[in-house]
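J.: In case it helps, the numbering used here puts the sequence shown at residues 6 to 232.
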Amino acid sequence: MDFSQTIASLIALLWIDFVLAGENAVVLAMATRALPQEQKRLGVNLGTILLILVRIALAYALMAIADLPGFGLAGAALLLWAALWAAMRGESDKAPEVAPHRGLVAAMGAALAHDAPGALMNMVGVQGAAQGDTPLVMFGLALSIPLLALGSAQFIILLRKPPLLWGSAGLLGWVAGRMASVDSFVLASPMPPEIMRDFAPPVGALLAILLAFGYARGRKIKRVADE
């Protein structure tokens, strides 16, 4: 990977990490709110450690299977869903809904279950943006950890709202298309690899923008109808 590609990958990593940042502060507060007072701090601290460990495990697992046939296609599909997820989070003014639990283990389980889909999207996005470069994957992983506490920050929420949402969705779709274009199944198809390499990213970006735009438009129409 040359210098310009490295810079582009770093910018993509930064943007994707911000857009797909978790919301552990809110999630853990809701999951542990029914715990006895003396266990709440323990629950928040333990939960934070567990959410970090999940991301580390996912990052290493994804690097281990990145060369398997179908990984690029599956990752591309997940990143297209991530574009829609970002639009959903941007349209929602509500805090994540996590049922409170009176037991520490149950509270940790609820927090992990709520965070797992976002963590997977985040780490797949990191893998795709880094293009398999291990130091870049490690950078994306390291950046995602402090962002766990900032998932509800206003500047991150803005990346999930129009007009910045279109750029966020387009980036996720671009990375999705690039991941799909290097999948073993795609490379084994009759389609020339250079054509897939050139056309898959912009097609992925367009699909992701259409998904995000369609959702945002539908929500706007529904709000007008309700009024």
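For every residue, glycine included, the Cβ atom is placed at its ideal position computed from N, Cα and C. What you are looking at is a predicted structure, and each value in this text was computed from that prediction instead of being measured.
For W171, which residues of its own chain have a beta-carbon under 6 Å away from its beta-carbon, when the five flanking residues on both sides are left out?
T.: Closer than 6 Å at the Cβ level, and outside the excluded window around W171, lie I214.
J.: Could you give the distance in angstroms between the alpha-carbon of E199 and the alpha-carbon of F8?
T.: E199 and F8: Cα-Cα distance of roughly 21 Å.
J.: With H, G and I counted as helix, E and B as strand and the rest as coil, what does DSSP make of D188?
T.: D188 falls in the coil class under three-state DSSP.
J.: Less than 8 Å between the beta carbons of L146 and I12, yes or no?
T.: No, these two residues do not count as a Cβ contact at 8 Å.
J.: Measuring straight from C-alpha to C-alpha, what distance separates V103 and M113?
T.: Rounded to whole angstroms, V103 to M113 spans 11 Å at the Cα level.
J.: In angstroms, rounded to a whole number, what distance separates the CA positions of L73 and L192?
T.: Their Cα atoms are separated by approximately 12 Å.
J.: Quick check on the DSSP output: the alpha helix (DSSP H) that includes M196 runs from which residue to which?
T.: Looking at the DSSP string, M196 is not in any alpha helix (DSSP H), and its letter there is neither H nor E.
J.: When every heavy atom of the ligand SAM is checked, does at least one fall within less than 7 Å of the C-beta of P122?
T.: Questions concerning the ligand SAM fall outside what the structure shown contains, since it holds no ligand whatsoever.
J.: The alpha helix (DSSP H) with H119 in it runs from where to where?
T.: Element bounds for H119: L109 to A135.
J.: For a quick check, are the C-beta atoms of L56 and N29 less than 8 Å apart?
T.: In contact: L56 and N29 (Cβ atoms closer than 8 Å).
J.: What number of angstroms, rounded off, separates the C-alpha of P206 from the C-alpha of D188?
T.: Near 13 Å, if we compare the C-alpha coordinates of D188 and P206.
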